[in-house]
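In full-length UniProt numbering, the protein residues as written are 1 to 230.
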């Protein structure tokens, strides 16, 4: 199977690129959608995407099906596919699910984390803090994605990890938007993640869970206010 001969943005999930061509195209497009280079409402047509990546329309069609299944694209017969909108209603639905699940993942990580995992979390949190101090929200976002990726992978519950992986597809654009538009959210996230590290080091599951849920609730409120602003 051929691979794409173009520079790739970092996968927002933090996972390696897939081997299949449709999945690889989907990863590239997902990164563009999450980071709003393909904004909500943007039309994507198979022939344009095929030309961009230098491939036939067949793998592009399958890639778009994958993104549609993830809720990032909506297919319109004979018109193409459109990036799905961001909305207050959708934000509320996503965050209502995400807060308790992320809390469970943080608690599970506090229960199971070994020294190497904690060291990886420390590196990601420090990268996030450095990016925030340098006023680099995109780098802070990617570091925060690494933090949550570690929490999901190390929570000790593969069913929970799969649920969060699926939910992440819906949540990432809101997370990126908050980092780009709300500097206070980035600073608050850095402080909360430092506190979370302390909780995980001490294996305090209850504190790890509450810190995570409180952070998501605060981010949720900030985004609600952003959407409500004229």
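For each residue, glycine too, the CB sits at the ideal point set by N, CA and C.
DSSP three-state label for residue i, please.
i           : result
residue 188 : helix
residue 42  : coil
residue 36  : coil
residue 203 : coil
residue 229 : coil
residue 7   : At residue 7 the pLDDT is 37, less than 50, meaning the model places this residue with poor confidence; the figure from the coordinates comes in the next sentence. The answer is coil: DSSP assigns residue 7 none of H, G, I, E or B.
residue 210 : helix
residue 134 : coil
residue 13  : Note that residue 13 scores a pLDDT of 47, beneath 50, so its modelled location is shaky and nothing firm can be said.
residue 197 : helix
residue 1   : Confidence in residue 1 is poor, its pLDDT being 36 and thus under 50, which makes the residue's placement too unreliable to answer from.
What span of residues does the alpha helix (DSSP H) with residue i cover, start to end?
i           : result
residue 152 : 137-153
residue 166 : 158-181
Which residue comes first and which comes last in the beta strand (DSSP E) that contains residue i?
i          : result
residue 65 : It is not in any beta strand (DSSP E) - residue 65 instead sits in the alpha helix (DSSP H) that spans 57-69.
residue 20 : No beta strand (DSSP E) holds residue 20; DSSP gives it neither H nor E.
residue 80 : 80-83
residue 73 : 73-76
Can you check whether the CB of residue j is closer than 8 angstroms to the CB of residue i?
i           : j           : result
residue 101 : residue 163 : yes
residue 66  : residue 84  : no
residue 110 : residue 203 : yes
residue 219 : residue 198 : no
residue 212 : residue 139 : no
residue 108 : residue 156 : yes
residue 180 : residue 230 : no
residue 173 : residue 34  : yes
residue 62  : residue 22  : yes
residue 123 : residue 190 : no
residue 223 : residue 38  : no
residue 150 : residue 201 : no
residue 57  : residue 48  : no
residue 145 : residue 121 : no
residue 40  : residue 88  : no
residue 98  : residue 167 : yes
residue 187 : residue 132 : yes
residue 104 : residue 160 : yes
key: Sequence ranges, alpha helix (DSSP H) only - wholly within the segment 86-119, length at least 4   = Counting only runs of 4 or more, we get 88-112.
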